[in-house]
Amino acid sequence: MSYRIVALLALCASTLLSQQTPSGTEAELNALRAAVKASQSAGDNAWMLMSSALVLLMTGPGLALFYSGLVRKKNVLGTMMQSFVMMAVITLVWFVCGYSLAFGEGSRFLGGLQYLFLNGVGAEPNADYAGTIPHQTFMVYQLMFAIITPALIAGAFAERVRFGAMILFCTLWTFIVYFPAAHMVWGKGGLLNAFQNGPIPVFDFAGGTVVHITSGFSALVCAIYLGKRKGYPVEPMKPHSLVLSFIGACLLWVGWFGFNAGSALAASGLATSAFVTTHFASAAGAVSWMLAERFRTGKASALGAISGSVAGLATVTQGAGFVAPYAGVVIGFIAGIVCFYMVTVAKNKLGYDDSLDAFGVHGVGGLMGCTLTGIFATRTVNDALKNAAGEPLALGWVDGNTTQILNQLAGAGIGIALAVVGTLVCLKLTELVTPIRMEVREETEGMDLTLHGEEGYNFEA
Amino acid sequence: MVKIEAIIQPFKLEEVKEALKGIGIDGMTVTEVRGHGRQKGHKEMYRGREYNVDLLPKIKIEMVVPSSRQEEVIRTLSAAAKTGKIGDGKIFVYEVVEAIRIRNDERGETAL
Numbered sequence: 000m001s002y003r004i005v006a007l008l009a010l011c012a013s014t015l016l017s018q019q020t021p022s023g024t025e026a027e028l029n030a031l032r033a034a035v036k037a038s039q040s041a042g043d044n045a046w047m048l049m050s051s052a053l054v055l056l057m058t059g060p061g062l063a064l065f066y067s068g069l070v071r072k073k074n075v076l077g078t079m080m081q082s083f084v085m086m087a088v089i090t091l092v093w094f095v096c097g098y099s100l101a102f103g104e105g106s107r108f109l110g111g112l113q114y115l116f117l118n119g120v121g122a123e124p125n126a127d128y129a130g131t132i133p134h135q136t137f138m139v140y141q142l143m144f145a146i147i148t149p150a151l152i153a154g155a156f157a158e159r160v161r162f163g164a165m166i167l168f169c170t171l172w173t174f175i176v177y178f179p180a181a182h183m184v185w186g187k188g189g190l191l192n193a194f195q196n197g198p199i200p201v202f203d204f205a206g207g208t209v210v211h212i213t214s215g216f217s218a219l220v221c222a223i224y225l226g227k228r229k230g231y232p233v234e235p236m237k238p239h240s241l242v243l244s245f246i247g248a249c250l251l252w253v254g255w256f257g258f259n260a261g262s263a264l265a266a267s268g269l270a271t272s273a274f275v276t277t278h279f280a281s282a283a284g285a286v287s288w289m290l291a292e293r294f295r296t297g298k299a300s301a302l303g304a305i306s307g308s309v310a311g312l313a314t315v316t317q318g319a320g321f322v323a324p325y326a327g328v329v330i331g332f333i334a335g336i337v338c339f340y341m342v343t344v345a346k347n348k349l350g351y352d353d354s355l356d357a358f359g360v361h362g363v364g365g366l367m368g369c370t371l372t373g374i375f376a377t378r379t380v381n382d383a384l385k386n387a388a389g390e391p392l393a394l395g396w397v398d399g400n401t402t403q404i405l406n407q408l409a410g411a412g413i414g415i416a417l418a419v420v421g422t423l424v425c426l427k428l429t430e431l432v433t434p435i436r437m438e439v440r441e442e443t444e445g446m447d448l449t450l451h452g453e454e455g456y457n458f459e460a
Numbered sequence: 000m001v002k003i004e005a006i007i008q009p010f011k012l013e014e015v016k017e018a019l020k021g022i023g024i025d026g027m028t029v030t031e032v033r034g035h036g037r038q039k040g041h042k043e044m045y046r047g048r049e050y051n052v053d054l055l056p057k058i059k060i061e062m063v064v065p066s067s068r069q070e071e072v073i074r075t076l077s078a079a080a081k082t083g084k085i086g087d088g089k090i091f092v093y094e095v096v097e098a099i100r101i102r103n104d105e106r107g108e109t110a111l
């Protein structure tokens, strides 16, 4: 609202001025244009800085609490550190070359090096990405996505990976998987970038493919490659504090508004639509997971409710700014049921130890979300894609574009292939430097003591 | 002297303490313990994984009293800890050979 008021004031001021000096019309018009531009930028920038903070909030403390509550208490700090250290390390990588490799102008697959050390990334907007906010705001917003993505993978190797090895693996992973994925889908000239003439146009509003498919499938590879936790599944490994997980999941829900609505890159109507759709999907996911649980086991659990909401959120991410709110409900509902089946039935049958269900929720949710976006994406929500005559193009199946779903699947396939191969490469490279798994003795004693020399709970102190 | 050891339901602790105070028993040691007798545990379910929890949280109260008060203490304790349902716990009684107050080396019942 505020920029409209400022614009109005500017208009009044210029009208008054023009009565006094009719000759300066052109100059006044220019001043007016500048004032309108500045005030719109102020509104958009405020929302985008807020969104950046919200997305950071998802990693710490959101994901840190969600994950650490699900592990045994001897691993609570180690698990929190896996999230927190990404906030520190990936930030530095992003500053040095990460942003440039993801969003610089380069090939179809990877960005160039023109933004090395954020050279030239300042207050001036970059019209290729977001024309109304400082380029630096766009940069820091995207950084928060680069932080949470590798942090999500940690759910698959929870309770058994050494600290240094985890940092090395995740850093390599951002280079080999994340930067290429982000560049292909969102970067200028990217292979899958629907808005900049990518040959395979994929609609990925907030990172269903870039974040959830890549991290989810990488998580599956890690879980299988690194093996089960010692004692799994015979020894009891109950979540040590669902209270922590509960708070974490609620923070994730809130932070996701920055993630999805922020991906409009402006304080626009599209941001509102994405906000509402996101919220509806989370609610529907929680309800459908609880229902599935109620019918299968007789009880709707707290862990089920929060897992369902996260599943709904992960699944709606890809379509948040392309699909209408009703589709958010449908997507969330499907997500809750399918992810419930994946983590409670399929995982136990297949026998891998994806400790905190990074694959079952993010991989499966991301893949479903990518596909469902091909069905529900509509120009009534997002009219950014136009033909030569300036009319909005049909997006998904509901608009009559039945082939978009194939593009979406192709995008998902590329994302999965990149994640699987890239993760294997990163694991092998890490092993050249340091063993990844903790020793049996260390695993028994717990990460907190053996990796960090502390304990999470010192009740006698 | 006898040592009376009672395993009770955790939520009964306050009631038992008050009842014992009522008959003039002040000294006791309380420990949080886990265990089960005939009472079976319960099932918990986390994302489809089932856990049988058979060791349940209990409270153990230990106190040493003059032999003459044994029956009175047992009656009071049992009445206060009783719900009539399975899982109420058990009371054990042991002979105590000697009691010494560390502060001033008093011995026997005066040390209690």
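Respectively, the protein sequence lines represent chains U and L.
All residue numbers for the first sequence refer to numbering that gives the first Met the number 0, where the first residue is 0 and numbers rise by one.
All residue numbers for the second sequence refer to numbering that gives the first Met the number 0, where the first residue is 0 and numbers rise by one.
Note that the Cβ used here is the ideal one computed from N, Cα and C, for glycine as well.
Residue range of the beta strand (DSSP E) that includes residue i
| i | result |
| --- | --- |
| L:I3 | V1 to I7 |
Within chain U, partners of residue i - CB distance below 8 Å
| i | result |
| --- | --- |
| L:R46 | L302, G303, S306, V342, T343 and D356 |
N- and C-terminal bounds of the alpha helix (DSSP H) containing residue i
| i | result |
| --- | --- |
| U:N406 | Q403 to V432 |
| U:K346 | K346 to L349 |
| L:K20 | L12 to G21 |
| U:T213 | T213 to L225 |
| U:V275 | G268 to T296 |
| U:A181 | F178 to W185 |
| L:Q69 | Q69 to A80 |
| U:M367 | V363 to F375 |
| U:S306 | A301 to V315 |
| U:G68 | A63 to L69 |
| U:Y325 | P324 to Y340 |
Bridge partner(s) assigned by DSSP for residue i
| i | result |
| --- | --- |
| U:K237 | Looking at the DSSP assignment, U:K237 forms no beta bridge with any residue, so it has no partner. |
| L:L55 | L:G34 |
| U:P391 | U:K385 |
| L:F91 | L:E4 |
| L:M44 | L:E49 |
| U:T131 | None, per the DSSP bridge assignment. |
| U:M49 | Per DSSP, none; premise fails for U:M49. |
| U:R436 | U:V160 |
| L:T28 | L:E61 |
| L:I99 | L:R106 |
| U:V95 | DSSP, once it has assigned bridges, lists no residue as partnering U:V95. |
| U:N192 | U:V201 |
| U:N125 | U:A129 |
Cross-chain neighbours of residue i in chain L, by beta carbon under 8 Å
| i | result |
| --- | --- |
| U:K461 | With chain U covering 0 to 460 only, the question about residue 461 of chain U has no answer from this structure. |
Neighbouring residues, chain L, relative to residue i (Cβ below 7 Å)
| i | result |
| --- | --- |
| U:T296 | M44 |
8 Å Cβ cutoff, residue i in contact with chain L
| i | result |
| --- | --- |
| U:M0 | Per-residue confidence for U:M0 stands at a pLDDT of 48, beneath the threshold of 50, marking its modelled position as unreliable; the derived number appears in the next sentence. For U:M0, the answer is no, since every Cβ of chain L falls outside 8 Å of its Cβ. |
| U:N347 | yes |
| U:E459 | no |
Reference residue i, options the options, closest by Cα
| i | options | result |
| --- | --- | --- |
| U:V462 | U:L167, U:L112 and U:M57 | Since the displayed chain U opens at 0 and closes at 460, residue 462 of chain U lies outside it and no answer follows. |
| L:K84 | L:Q69, L:V1 and L:I7 | L:I7 |
| U:L450 | U:E442, U:N457 and U:Y456 | U:E442 |
| U:N125 | U:A273, U:G110 and U:G103 | U:G103 |
| U:L241 | L:S77, L:M44 and L:T82 | L:M44 |
| U:S300 | L:K20, L:N103, L:G26 and L:R48 | L:R48 |
| U:L190 | U:V209, U:A205 and U:F174 | U:V209 |
| U:W46 | U:S354, U:P133 and U:I146 | U:P133 |
| U:M341 | U:F375, U:L371, U:I330 and U:S306 | U:S306 |
| U:W93 | U:L109, U:G119, U:Q141 and U:H211 | U:Q141 |
| U:G215 | U:M437, U:A460, U:A416 and U:N381 | U:A416 |
| U:G68 | U:G368, U:A282, U:G247 and U:V309 | U:G247 |
| U:L53 | U:L219, U:E453, U:F256 and U:N29 | U:F256 |
| U:T401 | U:G373, U:A411, U:G105 and U:V424 | U:G373 |
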